[in-house]
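K.L.:
Input: one structure, supplied below.
There are 2 protein chains.
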Amino acid sequence: MMARKKKGLSERHEKILSFLRAHQKREGYPPTIREIGKATSISSTSVVNYYLDQLEKMGKIERQRKISRGIQLTELNPLGEMFKIPVAGRIVASAPIPVPASDFNYFDAESSVDIARTLLPTRGDQDELFALEVDGDSMIDAMVNDGDIVVMKSGGEPKNGDMVAVWLPERDETTLKYFYKEDNRYRLQPANPTMEAIYIDKDEALEIKGKVVMVIRQIDKTII
Amino acid sequence: MMARKKKGLSERHEKILSFLRAHQKREGYPPTIREIGKATSISSTSVVNYYLDQLEKMGKIERQRKISRGIQLTELNPLGEMFKIPVAGRIVASAPIPVPASDFNYFDAESSVDIARTLLPTRGDQDELFALEVDGDSMIDAMVNDGDIVVMKSGGEPKNGDMVAVWLPERDETTLKYFYKEDNRYRLQPANPTMEAIYIDKDEALEIKGKVVMVIRQIDKTII
DNA sequence: CTTGACGAAGAACGCATGTTCGGGTATTAT
DNA sequence: ATAATACCCGAACATGCGTTCTTCGTCAAG
Chain A
1 MMARKKKGLS ERHEKILSFL RAHQKREGYP PTIREIGKAT SISSTSVVNY
51 YLDQLEKMGK IERQRKISRG IQLTELNPLG EMFKIPVAGR IVASAPIPVP
101 ASDFNYFDAE SSVDIARTLL PTRGDQDELF ALEVDGDSMI DAMVNDGDIV
151 VMKSGGEPKN GDMVAVWLPE RDETTLKYFY KEDNRYRLQP ANPTMEAIYI
201 DKDEALEIKG KVVMVIRQID KTII
Chain B
1 MMARKKKGLS ERHEKILSFL RAHQKREGYP PTIREIGKAT SISSTSVVNY
51 YLDQLEKMGK IERQRKISRG IQLTELNPLG EMFKIPVAGR IVASAPIPVP
101 ASDFNYFDAE SSVDIARTLL PTRGDQDELF ALEVDGDSMI DAMVNDGDIV
151 VMKSGGEPKN GDMVAVWLPE RDETTLKYFY KEDNRYRLQP ANPTMEAIYI
201 DKDEALEIKG KVVMVIRQID KTII
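Protein chains in written order, with the numbering used here: chain A, 1 to 224; chain B, 1 to 224.
Put into structure tokens, the structure is as follows:
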């Protein structure tokens, strides 16, 4: 008896949208007009169609005319927005980083993490990405803890300000630091601002193993 | 002239599977039998159906009979792989946490992060999840830095060992700590093992705003 | 050679599903 | 009051699309 002419989404719009979400998650494919009708107590397919047209104009959904179940939520990233990144191994301060072979095209599903594309640096070959699990507390000066997952990108020259994983052969040490090239040396700055930078002479060996793109800490890993 | 009776996946099986993957990613809904046929150079729908039946027996796909486009890959987690988590605001040491209203069913696309379900705690209402962006260096003792994104879960009693966001009214302070209930006090343990715990008497006020589920640090946010 | 399983077509059949149309009833504007 | 909207049926219509039936060629075993 009301809720008319109220601009924005009406109750039916909302119900349809949430049904679309639910159905897609539950079944893996979009519903038909009639299914939407049943779920939202709309008896006529034409009314559903009427609302779908409105939702499309509002940009909430996208429709493929003439094809069955051709309805997608624009908000819902059509799966595929995800990137599977292989976990190449563990990273410890006392050992070099296990950089994966350059030709890993398919990887074991067991050892990979899924990251949404929206969280990854846009552009750039994401095939060069790999991940490492941090072993031990030795990276604490980089604000990285035991069990954290470090996503790295191999290849490419590090720019000033990049966080990189470096292997210092003369110290037998792997470390994560912000990288700065200075006149006669490299400055490796810890992420933790309360800690001091270390300096590496230009003639001292230094191997940049990759650029750190992201750090993930899963605190509650409850299974079940 | 060969490839017959070779158990396992034939070339056609592979082609169909990869087309299913591609189509789902590209269009957001499964293809029809005829579309599969066209894409894999199979002229007859019955042949496609023949292979689909085999793939279903092998457990590679799941079919909803009689339903158009009722084909799903089992490999691909049928329940939307990704979870959109609303970013409720920023978290600072000097102010309480902005916990979102309990009835946010739809949220602005602009302020949300996508997290793969595989990285989130299984089970449990994921509707209670929300995210906060860290403002400033004040959470360094929790190994959390400026700009990090903290994913939290509201509701539920904190268990010993959980990392929680607490608001200490008597100190006007928000902090992230591991939570331990001890005899006459609460012990709030920093994530950084080199730092000391703080103790809160049982009669001192303490508000647990949520349980920290995940911390994400995007280091390279390069756009384009 | 015959038989049967397998791979493949093509066409017909029929339910599934999007589209359209004529006809309603409120609410609001003119 | 009349007209203009916005909402809402229900039903017919026209494809879309899964299913099934018939036929055919090939290969391996009996």
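Cβ atoms here follow ideal geometry from the backbone N, Cα and C, with glycine treated the same way.
Below 8 Å, can you find three or more Cβ-Cβ pairs linking the segment 185-194 of chain B to the segment 169-187 of chain A?
P.N.:
Judged by Cβ distances under 8 Å, the segment 185-194 of chain B makes no contact with the segment 169-187 of chain A, as fewer than three pairs qualify.
K.L.:
Would you mind telling me which residues of chain A sit closer than 7 Å to Asn-145 (chain B), beta carbon to beta carbon, in chain order?
P.N.:
Here the question's residue 145 (chain B) lines up with position 145 in the second sequence. By Cβ distance, chain A contributes Met-143 and Ala-191.
K.L.:
Hey, Leu-132 (chain B) and Met-152 (chain B) are a contact pair by Cβ (cut 8 Å); roughly how many whole angstroms apart?
P.N.:
As a first step, residue 132 (chain B) is located in the second sequence; it is residue number 132 there, counting from the start. As a first step, residue 152 (chain B) is located in the second sequence; it is residue number 152 there, counting from the start. Right, their Cβ atoms sit about 7 Å apart.
K.L.:
Consult DSSP for Gln-64 (chain B) and reduce its assignment to one of helix, strand or coil.
P.N.:
Your numbering for residue 64 (chain B) matches position 64 in the second sequence. Gln-64 (chain B): coil per DSSP, three-state reduction.
K.L.:
Just curious, the beta strand (DSSP E) that Tyr-186 (chain B) is in, first and last residue?
P.N.:
The residue labelled residue 186 (chain B) in the question sits at position 186 within the second sequence. Its beta strand (DSSP E) spans residues 185-189.
K.L.:
Going along the segment 61-73 of chain B in order, which residues come within less than 7 Å of chain A, judged by CB to CB distance?
P.N.:
Ser-68, Arg-69, Gly-70 and Gln-72
K.L.:
Helix, strand or coil: which one does DSSP assign to Ala-22 (chain A)?
P.N.:
As a working mapping, residue 22 (chain A) is identified with position 22 in the first sequence. When secondary structure is reduced to three states using DSSP, Ala-22 (chain A) falls in the helix class.
K.L.:
If you drop the 5 nearest sequence neighbours on each side, which residues of the same chain put their C-beta closer than 8 Å to that of Ile-61 (chain B)?
P.N.:
Taking the second sequence and counting its residues from 1, one reaches residue 61 (chain B) at position 61. Cβ within range, chain order: Leu-17, Leu-20, Leu-52, Leu-55, Ile-71, Gln-72, Leu-73 and Thr-74.
K.L.:
Using beta carbons (cut-off 7 Å, strictly below), is Asp-201 (chain A) in contact with chain B?
P.N.:
Within the first sequence, numbered from 1, the residue matching residue 201 (chain A) stands at position 201. No, no contact with chain B.
K.L.:
Are the beta-carbon atoms of Lys-57 (chain B) and Thr-40 (chain B) separated by less than 7 Å?
P.N.:
Within the second sequence, numbered from 1, the residue matching residue 57 (chain B) stands at position 57. Within the second sequence, numbered from 1, the residue matching residue 40 (chain B) stands at position 40. Not closer than 7 Å, so no.
K.L.:
Using Cβ-Cβ distances below 9 Å, what residues of the segment 9-31 of chain A are close to chain B?
P.N.:
Leu-9, Glu-14, Leu-17, Ser-18, Arg-21, Gln-24, Lys-25, Arg-26, Glu-27, Gly-28, Tyr-29 and Pro-30
K.L.:
Quick one, which of A:Ser-112, A:Met-82 and A:Ser-68 has its alpha-carbon nearest Gly-89 (chain A)'s?
P.N.:
In the first sequence, residue 89 (chain A) corresponds to position 89, counting from 1. The option with the nearest alpha carbon to Gly-89 (chain A) is A:Ser-112.
K.L.:
Would Gly-155 (chain B) and Glu-128 (chain B) be called neighbours here (beta carbons separated by less than 7 Å)?
P.N.:
Against the second sequence, residue 155 (chain B) aligns to sequence position 155. Against the second sequence, residue 128 (chain B) aligns to sequence position 128. Taking 7 Å as the Cβ cut-off, Gly-155 (chain B) and Glu-128 (chain B) qualify as a contacting pair.
K.L.:
Using a Cβ-Cβ cut-off of 7 Å, state whether Asp-108 (chain A) counts as contacting chain B.
P.N.:
If you number the first sequence from 1, residue 108 (chain A) lands on position 108. Only weak support is given to the placement of Asp-108 (chain A): the predicted model assigns it a pLDDT of 44, under 50, and the question is left unresolved by the model.
K.L.:
From the beta carbon of Thr-174 (chain B), is the nearest beta carbon of chain A less than 7 Å away?
P.N.:
The sequence position of residue 174 (chain B) within the second sequence is 174, counting from 1. Chain A contact via Cβ: absent.
K.L.:
Does the beta carbon of Ile-198 (chain A) come closer than 7 Å to any beta carbon on chain B?
P.N.:
Translated into positions along the first sequence, residue 198 (chain A) becomes position 198. With 7 Å as the cut-off, Ile-198 (chain A) does not count as an interface residue toward chain B.
K.L.:
Could you confirm whether any beta carbon from chain B is found closer than 7 Å to the beta carbon of Val-134 (chain A)?
P.N.:
On the first sequence, residue 134 (chain A) is found 134 positions in, with the first residue counted as 1. Taking Cβ atoms only, chain B never reaches closer than 7 Å to Val-134 (chain A), which makes this a no.
K.L.:
Buried or exposed: Pro-98 (chain A), going by 16 or more other Cβ atoms within 10 Å of its Cβ?
P.N.:
Residue 98 (chain A) sits at position 98 when you count from the first residue of the first sequence. With fewer than 16 Cβ atoms within 10 Å of its Cβ, Pro-98 (chain A) is classed as exposed.
K.L.:
Could you tell me which chain A residues have their CB closer than 7 Å to the CB of Tyr-188 (chain B), listed as they occur along the chain?
P.N.:
Along the second sequence, read from residue 1 onward, the residue named residue 188 (chain B) stands at position 188. For clarity, residue 188 (chain B) is Leu in the given sequence; the question names Tyr instead. Those within 7 Å of Leu-188 (chain B) in chain A number zero; the least Cβ separation is about 15 Å.
K.L.:
Between Asp-148 (chain B) and Val-134 (chain B), which are expected to be in contact by the criterion C-beta below 8 Å, what is the C-beta distance as a whole number of angstroms?
P.N.:
For the purposes of this step, residue 148 (chain B) is taken as the residue at position 148 of the second sequence. For the purposes of this step, residue 134 (chain B) is taken as the residue at position 134 of the second sequence. At roughly 5 Å, the Cβ-Cβ gap stays under 8 Å, so Asp-148 (chain B) and Val-134 (chain B) are in contact.
K.L.:
Tell me, please, which residues DSSP counts as bridged to Asp-201 (chain B).
P.N.:
For this step, residue 201 (chain B) is matched to residue 201 along the second sequence. Asp-201 (chain B) is bridged to B:Arg-185.
K.L.:
Keeping to the same chain, check which residues put their C-beta closer than 8 Å to that of Gly-37 (chain B); ignore five residues upstream and five downstream.
P.N.:
The sequence position of residue 37 (chain B) within the second sequence is 37, counting from 1. Around Gly-37 (chain B): Ser-43, Ser-44, Thr-45, Val-47 and Val-48.
K.L.:
Does Phe-104 (chain A) have its Cβ less than 7 Å from a Cβ in chain B?
P.N.:
As a position in the first sequence, residue 104 (chain A) is number 104, starting the count at 1. Note that Phe-104 (chain A) scores a pLDDT of 46, beneath 50, so its modelled location is shaky; the value from the coordinates is reported in the next line. Judged by the 7 Å Cβ criterion, Phe-104 (chain A) is not in contact with chain B.
K.L.:
Among the candidates A:Tyr-178, A:Arg-65 and A:Ile-85, whose CA atom is the shortest distance from the CA of Met-139 (chain A)?
P.N.:
On the first sequence, position 139 is the one that residue 139 (chain A) refers to. Considering only A:Tyr-178, A:Arg-65 and A:Ile-85, the residue with the shortest C-alpha distance to Met-139 (chain A) is A:Tyr-178.
K.L.:
What are the boundary residues of the alpha helix (DSSP H) that includes Asp-114 (chain B)?
P.N.:
In the second sequence, residue 114 (chain B) corresponds to position 114, counting from 1. Counting along the chain, Asp-114 (chain B) falls outside any alpha helix (DSSP H), though it belongs to the beta strand (DSSP E) covering 112-116.
K.L.:
Round the Cβ separation of Asp-252 (chain A) and Ala-22 (chain B) to the nearest angstrom and send it over; I've been treating them as touching at under 8 Å.
P.N.:
Shown here, chain A extends from 1 to 224; a query on residue 252 (chain A) therefore has no answer.
K.L.:
Report back the beta-carbon spacing between Tyr-29 (chain A) and Tyr-29 (chain B) to the nearest angstrom; my notes put them in contact at under 8 Å.
P.N.:
Indexing the first sequence from 1 puts residue 29 (chain A) at position 29. Indexing the second sequence from 1 puts residue 29 (chain B) at position 29. Confirmed, about 5 Å.
K.L.:
Starting from Gly-210 (chain B), trace the beta strand (DSSP E) in both directions and tell me its first and last residue.
P.N.:
The sequence position of residue 210 (chain B) within the second sequence is 210, counting from 1. Taken as a continuous stretch (DSSP letters only), the beta strand (DSSP E) holding Gly-210 (chain B) covers 207-218.
K.L.:
Check whether the Cβ of Thr-45 (chain B) lies closer than 7 Å to any Cβ atom in chain A.
P.N.:
In the second sequence, counting from the first residue as 1, residue 45 (chain B) sits at position 45. No, Thr-45 (chain B) does not count as interfacial toward chain A.
K.L.:
What does DSSP give as the partner residue(s) for Leu-129 (chain B) in the beta ladder?
P.N.:
Here the question's residue 129 (chain B) lines up with position 129 in the second sequence. According to DSSP, which records beta bridges pairwise, Leu-129 (chain B) is partnered with B:Lys-153.
K.L.:
Whole angstroms are fine: how far does the CA of Lys-84 (chain B) sit from the CA of Pro-158 (chain A)?
P.N.:
By one-based count along the first sequence, residue 158 (chain A) stands at place 158. By one-based count along the second sequence, residue 84 (chain B) stands at place 84. For Pro-158 (chain A) and Lys-84 (chain B), the distance between alpha carbons rounds to 32 Å.
K.L.:
Leaving out five residues before and five after Met-207 (chain B) in sequence, what residues of the same chain have Cβ atoms less than 6 Å from its Cβ?
P.N.:
Residue 207 (chain B) sits at position 207 when you count from the first residue of the second sequence. The question names Met, but residue 207 (chain B) in the sequence shown is Glu. The residues are Trp-167.
K.L.:
What residue range does the beta strand (DSSP E) around Lys-159 (chain A) cover?
P.N.:
In the first sequence, counting from the first residue as 1, residue 159 (chain A) sits at position 159. It is not in any beta strand (DSSP E) - Lys-159 (chain A) carries neither H nor E in the DSSP assignment.
K.L.:
Which first and last residues belong to the beta strand (DSSP E) in which Val-87 (chain A) is found?
P.N.:
One-based indexing of the first sequence puts residue 87 (chain A) at position 87. Start and end: 82-91.
K.L.:
What do you reckon, is the C-beta of Glu-207 (chain A) under 6 Å from a heavy atom of the ligand PLP?
P.N.:
Judged by which ligands are present, the structure shown has none, so any question about the ligand PLP falls away.
K.L.:
What does the alpha-carbon distance come out to for the pair Ile-200 (chain A) and Ile-216 (chain A)?
P.N.:
Residue numbering aside, residue 200 (chain A) sits at position 200 when the first sequence is read from its first letter. Residue numbering aside, residue 216 (chain A) sits at position 216 when the first sequence is read from its first letter. Going from the Cα of Ile-200 (chain A) to the Cα of Ile-216 (chain A) covers about 28 Å.
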